[in-house]
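Read the structure below first, then the notes.
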C-alpha cells in the first residue's frame, strides 16, 4: 500500500533546494531513522508526447517562459 506522507515543492536556489510540505501527523515516525523510503519514479511518457526540451541558457527572455 502506498501512502503520501509529503509533497515536494519546486526547486529553487543555486543548488536546487526544495521545500517539503508534510502530509502526516507523525513525521518523527515517518522520517526518523535515516530514510529507507523513496520517491516514486516519474510516469512513463505517453506515445504521442513530444520529447522534453533541454533547458534554455542565457537571458533575454524577460522571465516569461515564452520563446
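Numbering (the working numbering), first residue to last: 4 to 70. Heads up, the beta-carbon is just placed ideally off N, CA and C, and yes, glycines get one too. Computed from a predicted model, the values in this text were never measured in an experiment.
So residue i is in the alpha helix (DSSP H); what residue range does that whole segment cover?
{"i": "residue 20", "result": "That residue, residue 20, is in no alpha helix (DSSP H); it is neither H nor E in DSSP."}
{"i": "residue 32", "result": "30-34"}
Considering only residues of the same chain and omitting the five flanking positions on each side of residue i, which have a CB-CB separation below 7 Å?
{"i": "residue 22", "result": "12"}
{"i": "residue 7", "result": "26"}
{"i": "residue 57", "result": "none"}
Taking the beta strand (DSSP E) that residue i belongs to, which residues open and close that run?
{"i": "residue 10", "result": "9-11"}
Suppose the cutoff is 8 Å on Cβ atoms and the five residues either side in sequence are ignored; what does the same chain contact list for residue i look like?
{"i": "residue 52", "result": "none"}
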